[in-house]
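One structure below.
Protein chains in written order, with the working numbering: chain A, 7 to 523; chain B, 7 to 523.
Now the structure itself:
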């Protein structure tokens, strides 16, 4: 069989049975081979940023990687921002990047470029398959590299002749690396700190914010009086009524500093010490208080959940976790703004929902309003490259198989990867998108003053203003086949959200927020 | 003054007075400094691919670079495909890529990544400004590097603290490199070939397809009996009635081979020997006939136009160029397809128009139908990364100051950078967009069989089919404030195109092509 066929069979055998695609000529043999392997689901995107973001969202929910199919260097370039986000969230992704045939390289045809240079930006795993007989084993290694732990972006560059030539056989899966048990000294060191009587905080992230880790962390916090904090941008936070409650660190440095005030010992579990998202003149980059000591318990390849449970067994043996009570806000009335939208979401969020949150400034109230909603998953903007939310929602819905996905999206961010809506229709995905339309890059209005750049003149403000012309998201959604409505009051929004969530298939609500927040 | 202010003043002093922007927090001081320098025009894009493609289109028409303002690695990543196209067309672009403050790097904040790795993909000029006192001179060198000759993509990485700190002064422009005169031996060698009596062809590209070079090339061809050919994807071809006629090489390798049949000597002027755009099993990559000798006259930093004129003075002293007669097709009637659309464009193209051509498969008839239209510029997809046409049209209109821009765009390609429409409204640009809506990646249907991947099963065909759901470009355009109409017959299209071209400001026609071509 040819290289493409063996590659796809190898991916499927290794558990990678979904491929998000945006192919071109150099990938045509891969495309043709899809019909030989019925187990592989292929999901087309109209733009590579949708493809890579969907692979990210898929893996966050499925807990295993999807593949992407990308067209040479420019295809990888277009997908790079969302791969950056995946990398920052330790999310496994297996990129298949088609390239020219090896013998064609020396002609420097128009689409040729240094794909390895681009892929190296992702600090993951990169290999170029050079022989048809090796492409399958390369793919098996790529999947294992992606899975980690921790999850990585693996990029396999597939020259067209390696793909189309015969002489390949599928390869068996390569066993994923086992996580490393954390040494007893580490628990004991941390246990000693927790029993010191000084104010401690546990900061959990990564895999530690799934139920198993959170239950252990909550027991530790309850038994020792430590604060339980969650990193600012978790990959997938399991939360809601009946799960341990956890306080997320704020995006603004000032807020995080407030949350850490008085903490003398910060214990890190699958996350790094908090730093400012950006640098600001005369403000610290390191957000850990000066008199606070940082202690790492587990990260990276460590057995994070095992470490937390072992720690709990040491310091909180008979303790039970502190679970969130059920409770929803009332249906909101009056003006539509970030606060009333959050209340409506909290009032209506279905059990088992997946929330893709790229609401940015207008989303400040969401955390509080949904804390007591039925159990759900919360996916955030892990790497700061906007345009992630809608693709992630798309991939999450593919993986979620019937779970409702709520895509909460700022207007400015939405315009990076709006093509996601088309894939949602094509695949019949249960995604309800809410566009927070405040007609500005509101976060940047805030940042303009925070960076000390002054009040800003008319040209500066013009760069942050996206109301000229106004974007009409109902028209935009309709143009891609997604039924859409517009809400201008809290009542309208709540009614529309209820109807949208009750319906199968994608839909969209444009929430007009004249106040900006 | 701070680094940002000095940087912008330096750019303006060097002739770079237009900046296409998609900023974030790390660029806020640059944004704030825009108000200090009224000479700098700032044009906002909703996505970086629009920004970089617009800078490309601008430079093609203005014959000088624009700047871009991009947000860290992910911003450059999103802009990379159209920078790849610019690189392939030797189009000068000056990227300003904001980065974290230097002292913030060690905290590895979420948006940090290896920007140099990404920029290295562009084979141009890259520098990171490390000191506020040096940022202005770095910018002056960046502009000179971009200008060339040949034009390059120059990327200046601007850490936030270098931008916001005081202690900078504007720098004087750095003189652009002079082009290198071509040695007399070269003319004589080529002249000898042209007089050999064997079939010769001149293949012109780059700067040689502007009027000055074309007139000289046409004289040479006429005097010596050589064929006059133009590269497949010229950056900006000056053409129409009264200008020298030139035959463009076809995209399909088979077609190029046909055009070169019988040619024993191929003389290259500012272009490379033709190669197949992609590799195909059992088809050659090198499209030069086996018994044809290739002779380079001028390329890169050479004085291309001077070389052509000197050659003409040697072999065609008293010869005049062969100029294209005026002539337009009749207004088409009947079914709407690539052929009738081309006829309508040929019938109506205004004098001085700029055409941005990303019509792909459906555009096969455009070349012939517009050959005798009044003088105009033709901009093509130089690097093969689709999603270039609409951004290029946007930037061309900014540079064109009142010249009509016609953006001919395939449906699949349009969906990569459709956000261009919004910038066109915002800036009141005279762009008429025609979407060739055949509801498929038609080129890939063709390529599937050309690469020998067989007829393709249902899954393969599904990857090339964008009719599920149908895209409604009238709704999509309306959503971004662009007036739009839909045409389903040649008569409707012609009437709509006439009205669109008569109107100021952007508008769009969705041309439905049920036949695919």
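For each residue, glycine too, the CB sits at the ideal point set by N, CA and C.
Under 7 angstroms between C-beta atoms, does residue 453 (chain A) make it to chain B?
yes
Between the Cα of residue 495 (chain A) and the Cα atoms of A:338, A:489, A:508, which residue gives the shortest distance?
A:338
Check whether the stretch 40-47 of chain A touches the stretch 8-16 of chain A, taking contact to mean three or more Cβ pairs, one atom from each stretch, closer than 8 angstroms.
yes
With a threshold of 7 angstroms between beta carbons, is residue 86 (chain A) in contact with chain B?
yes
Coarse secondary structure for residue 233 (chain B), derived from DSSP in three states:
strand
For a test of the three-state rule: what should DSSP assign to residue 3 (chain A), helix, strand or coil?
Shown here, chain A extends from 7 to 523; a query on residue 3 (chain A) therefore has no answer.
Under DSSP, the alpha helix (DSSP H) around residue 80 (chain B) begins and ends at which residues?
78-94
What residue from B:194, B:240, B:334, B:344 has the CA that sits closest to residue 273 (chain B)'s CA?
B:194
Which same chain residues end up closer than 7 angstroms to residue 118 (chain A) when comparing Cβ atoms and leaving out the 5 residues on each side of it in sequence?
106, 111
Spatially closest choice to residue 242 (chain A) from A:312, A:63, A:365, A:455, by CA coordinates:
A:63
Do you know whose CA, among A:108, A:237, A:115, lies nearest residue 385 (chain A)'s CA?
A:237
Proximity of residue 91 (chain B) and residue 388 (chain B) at Cβ, strictly below 7 angstroms
yes
What span of residues does the alpha helix (DSSP H) with residue 17 (chain B) cover, start to end?
9-19
Going along chain A in order, which residues have a C-beta closer than 8 angstroms to the C-beta of residue 27 (chain B)?
469
Please classify residue 60 (chain B) as buried or exposed, where buried requires at least 16 neighbouring CB atoms within 10 angstroms.
buried
Output the distance between the C-alpha atoms of residue 36 (chain A) and residue 234 (chain A), rounded to the nearest integer angstrom.
48 angstroms
Minimum Cβ-Cβ distance from residue 127 (chain B) to chain A less than 7 angstroms
yes
State buried or exposed for residue 267 (chain B), treating a residue as buried only when at least 16 other CB atoms are found within 10 Å of its CB.
exposed
Output yes or no for whether 7 angstroms exceeds the beta carbon distance between residue 507 (chain A) and residue 356 (chain A).
yes
For residue 115 (chain B) and chain A, any beta-carbon pair shorter than 7 angstroms?
yes
Let me check one thing: in DSSP terms, what residues is residue 244 (chain B) bridge-paired to?
B:383
For residue 31 (chain B), decide whether its Cβ has a neighbour in chain A, counting only Cβ atoms nearer than 7 angstroms.
yes
C-beta atoms of residue 366 (chain B) and residue 170 (chain B) nearer than 7 angstroms:
no
Output needed for residue 153 (chain A): all residues of its chain with C-beta closer than 6 angstroms, excluding positions within five of it in sequence on either side, in chain order.
98, 182
Helix, strand or coil, according to DSSP, for residue 484 (chain B) in the structure here?
helix
If you draw a straight line from the alpha carbon of residue 463 (chain B) to that of residue 308 (chain A), how long is it in whole angstroms?
45 angstroms
Curious, which full-length beta strand (DSSP E) runs of at least 3 residues does the stretch 420-460 of chain B contain?
437-443
Taking C-beta to C-beta, are residue 86 (chain A) and residue 103 (chain A) nearer than 7 angstroms?
no
Taking DSSP as the reference, what is the three-state secondary structure of residue 325 (chain B)?
coil
Residue span of the beta strand (DSSP E) that contains residue 413 (chain A), given as start and end:
411-416
Distance between beta carbons of residue 128 (chain B) and residue 147 (chain B), contact taken as under 8 angstroms
Actually they are not in contact, since the Cβ atoms of residue 147 (chain B) and residue 128 (chain B) sit about 16 angstroms apart, beyond 8 angstroms.
Quick check on residue 38 (chain B) - is its C-beta less than 7 angstroms from some C-beta in chain A?
yes
Identify, in the order they occur along the chain, each residue of the same chain with its Cβ nearer than 8 angstroms to the Cβ of residue 225 (chain B), setting aside the five sequence neighbours on each side.
318, 322, 325, 326, 327
Return the residue from the list B:145, B:247, B:130 that minimises the CA-CA distance to residue 137 (chain B).
B:145
Chain-ordered chain A contacts of residue 431 (chain B) [CB-CB under 7 angstroms]
475
With DSSP collapsed to three states, give me the class of residue 101 (chain B).
strand
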